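Visitor: UniProt numbering puts the first residue of the sequence shown at 1, with every later residue one more than the last.
Cβ coordinates follow ideal geometry from the N, Cα and C atoms, glycine included.
Computed from a predicted model, the values in this text were never measured in an experiment.
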Amino acid sequence: IWENCKSFLNHVLQRKFGCVATAIGVAFEGNQAVTQMKTPALVPEKRFEVLLPRVTVSVHKADLTNFPVDAVVNAANERLQHVGGIALALSKAGGSQIQQDSDEYIRKNGVLRTGESVAMDAGSLPCKKIIHTVGPHVTGHSLTASAANLLEKAVLNSLKKADECRLRSVALPAISSGIFGYPLKECADTIVKAVRDFCEKYQIMSLKDILLVDKVDLTVNEMERACRTCFSTNPASRSAGRDRKNARTDQNSYTIQLRTVCLTLKWGRIDEEQTNVIVNTTQKDSWDGQISTAILKKAGTKMLKALKCANVGNRNVIVTEPYNLRCAEVYHTLFTAGSTDKAYQILTDAVSECLQLAANHSRQSIAFPAIGTGGRGLEKEKVASIMSEAVFKFANQSSKQMEVYFVIYPGDHSTFQV
């Protein structure tokens, strides 16, 4: 029994207590085949998301060793010896380069002090960088303000490193909560507070997504609870997943779940949306129209300059920074003068391209206006059909989780009805 089950048992002991078990005085048959038990692959599950200016913060139940982000944060010790907990798991998954690079860093620079972080190549991990950060050790019930300050410092420094490396997404575990002994509830509260402070107080250059990730329900639940408490006043915070399926959410919005895509029809101003992506609609070379005017006015003059400098060519979509809008990117769909039939084809291609761009850029939410129903004069029923069909097709062909919003200007009842 021991020979067949030791791999699985050691996985559990390592994850929960940071140790492994060794059998002493037990004889095994030398040539007997051994069946290794492997833990099943964990399907990532988003539990929470909040959209802040320029940054999205979310909580996921997932395996950090194969999570698709630009960088993962490792809860390391001062000597970067990855012998337990998440550090061992990441080191094993990333291959020998992880420990070799860590040893070389310590040889040249000495120990990494508590609260400090260093970014290194990620070896075989499915990310660009691994950021080693040292959280505080807590023994017994000796949680102090000093430990909390050091944990905040560790989180802030790891996020700064990700941003300095020009990365767009970073995943953090519950630093110090495992074998370092930091009480889980207080750990989650401190980490989320540090994330919020980073988003509010620092000039972020490239980071767009901060993801709190763990594979244990207890830890994920505490991270979700801490986020709900910390971001409770933000109107763009919400649960993700099971509670919205195929449901009418309220009087002013309608939601349907299409495999991994959640499609919502709602009232609102597109320039005030807080999704990862906002879609604009405009004419090539003129940049006018009711929707475009509202977006450009709120975004500021830099967006218009960026559009005028863009090499439009035959493209249907141009991507720009959000500037003063509360999103990560703006996708500008471009119409040209010509037949109505051509306009409908451009609409079909543009909506599909926007959805695919969002998926390729790891965006998890996108808001569309009723494209072409204003000054371009396209039939509202046909526009609704084309846009909906594009979302249905995307949902059937993609495994990406995404929230798609069709945002109808308040009072435009005819468009909302179709």
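What is the DSSP secondary structure of serine 414, reduced to helix, strand or coil?
Guide: Reduced to three states, the DSSP call for serine 414 is helix.
Visitor: According to DSSP, which residues form a beta bridge with residue 426?
Guide: Only positions 1 to 418 of the chain appear in the structure, and residue 426 is not among them; the question remains open.
Visitor: Can you name the residues that DSSP bridges to alanine 367?
Guide: DSSP output for alanine 367 lists Ile278 and Tyr405 as bridge partner(s).
Visitor: Could you tell me which residues DSSP pairs with leucine 307 in its beta bridges?
Guide: DSSP, once it has assigned bridges, lists no residue as partnering leucine 307.
Visitor: If I'm right that alanine 188 touches alanine 148 with Cβ under 8 Å, what's the distance once you round it to whole angstroms?
Guide: Contact doesn't hold; Cβ gap of about 12 Å is too wide.
Visitor: Considering only C-alpha positions, which residue in the set Pro68, Phe198, Leu52 and Pro53 is nearest to glutamate 45?
Guide: Of the listed residues, the one whose Cα sits closest to glutamate 45 is Pro68.
Visitor: Does the distance from the C-beta atom of threonine 114 to that of glycine 181 stay below 8 Å?
Guide: In this structure, glycine 181 does not lie closer than 8 Å to threonine 114 by Cβ.
Visitor: On the three-state DSSP scale, how would you describe glycine 30?
Guide: For glycine 30, the predicted structure reports a pLDDT of 45, less than 50, and the residue's modelled location is therefore unreliable. The matter cannot be settled from this model.
Visitor: So what's glutamate 45 in DSSP terms, helix, strand or just coil?
Guide: Of the three classes helix, strand and coil, the one that applies to glutamate 45 here is strand, per DSSP.
Visitor: On the criterion of 16 or more Cβ atoms from any shown chain inside 10 Å, does cysteine 309 qualify as buried, or is it exposed?
Guide: The residue is exposed, with fewer than 16 neighbouring Cβ atoms inside 10 Å.
Visitor: For phenylalanine 335, write down the residues that DSSP places opposite it in a beta bridge.
Guide: Gln283.
Visitor: Under the three-state reduction of DSSP, which class applies to valine 192: helix, strand or coil?
Guide: Looking at valine 192 - three-state DSSP - the assignment turns out to be helix.
Visitor: Using the Cα positions of proline 173 and valine 72, report the straight-line distance between them to the nearest angstrom.
Guide: Whole-angstrom Cα-Cα distance: 8 Å.
Visitor: Taking 8 Å as the cut-off, does the segment 392-408 touch the segment 260-273 (at least 3 CB pairs, one atom from each stretch)?
Guide: The segment 260-273 is in contact with the segment 392-408.
Visitor: Under 8 Å, do valine 55 and cysteine 199 count as touching if we go by C-beta distance?
Guide: Closer than 8 Å, so yes.
Visitor: Quick one: give me the first and last residue of the beta strand (DSSP E) that isoleucine 386 is part of.
Guide: It is not in any beta strand (DSSP E) - isoleucine 386 instead sits in the alpha helix (DSSP H) that spans 380-397.
Visitor: List the whole-angstrom C-beta distance separating threonine 415 from threonine 373, where the pair is believed to meet the contact cut-off of C-beta under 8 Å.
Guide: Rounded, the Cβ-Cβ distance is 6 Å, consistent with contact.
Visitor: Alpha carbon to alpha carbon, how far is leucine 125 from glutamate 104? Give it in angstroms, no decimals.
Guide: So the alpha carbons of these two residues sit roughly 19 Å apart.
Visitor: To the nearest angstrom, report how far apart glycine 411 and leucine 263 are at their CA atoms.
Guide: Answer to the nearest angstrom: the Cα atoms are 21 Å apart.
Visitor: Have a look at the DSSP bridge pairing and note the partners of alanine 119.
Guide: In DSSP, alanine 119 forms a bridge with Ile131.
Visitor: Taking the continuous beta strand (DSSP E) assigned at arginine 159, which residues delimit it?
Guide: The sequence given here places leucine at residue 159; arginine does not occur at that position. Run containing leucine 159: none in the beta strand (DSSP E); it sits in the alpha helix (DSSP H), 145-164.
Visitor: Kindly indicate the opening and closing residues of the beta strand (DSSP E) around residue 420.
Guide: Nothing in the structure corresponds to residue 420, since the chain is present only between 1 and 418.
Visitor: For cysteine 262, write down the residues that DSSP places opposite it in a beta bridge.
Guide: Its beta-bridge partners are Gln257 and Glu403.
Visitor: By how many angstroms is the C-alpha of asparagine 276 removed from the C-alpha of alanine 299?
Guide: So the two alpha carbons sit approximately 15 Å from each other.
Visitor: Valine 279 to serine 399, Cα distance in whole Å?
Guide: Approximately 22 Å, taken between the alpha carbons.
Visitor: Report the rounded CA-to-CA distance for residue 423 versus lysine 305, giving the unit in angstroms.
Guide: What the structure shows of the chain is the stretch from 1 to 418, and residue 423 is not part of that stretch, so it cannot be assessed.
Visitor: If I'm right that histidine 132 touches methionine 120 with Cβ under 8 Å, what's the distance once you round it to whole angstroms?
Guide: The Cβ separation is near 7 Å, so the contact holds.
Visitor: Would you identify the three-state DSSP class for valine 351, choosing helix, strand or coil?
Guide: Helix.
Visitor: Rounded to whole angstroms, what's the CA-CA distance from phenylalanine 392 to valine 383? Just pull it up for me.
Guide: Cα to Cα, phenylalanine 392 sits roughly 14 Å from valine 383.
Visitor: Nearest-angstrom Cα distance between proline 369 and glutamate 379?
Guide: Their backbone Cα atoms lie some 14 Å apart in a straight line.
Visitor: Using the beta-carbon count (16 or more within 10 Å), is asparagine 31 buried or exposed?
Guide: Confidence at asparagine 31 is low in this model, with a pLDDT of 43, below 50, so the placement of that residue is unreliable and no value is reported for it.
Visitor: State the DSSP-derived secondary structure class of glutamate 273, mapped to helix, strand or coil.
Guide: Note: glutamate 273 maps to coil in three-state DSSP.
Visitor: Just to confirm the assignment, what range does the alpha helix (DSSP H) spanning valine 319 have?
Guide: Premise fails: valine 319 lies in the beta strand (DSSP E), 317-320, not in any alpha helix (DSSP H).
Visitor: On a Cα-Cα basis, can you pick out the residue from Cys127, Gln397 and Val134 that is closest to asparagine 66?
Guide: Of the candidates Cys127, Gln397 and Val134, the one whose C-alpha sits nearest the C-alpha of asparagine 66 is Cys127.
Visitor: Relative to the alpha-carbon of glutamine 364, which residue among Ala171, Gln401 and Asn314 has its alpha-carbon at the smallest distance?
Guide: The shortest Cα separation from glutamine 364 among Ala171, Gln401 and Asn314 belongs to Gln401.
Visitor: Taking only the alpha-carbon atoms, compute the straight-line gap between alanine 294 and threonine 281 and give it to the nearest angstrom.
Guide: For alanine 294 and threonine 281, the distance between alpha carbons rounds to 11 Å.
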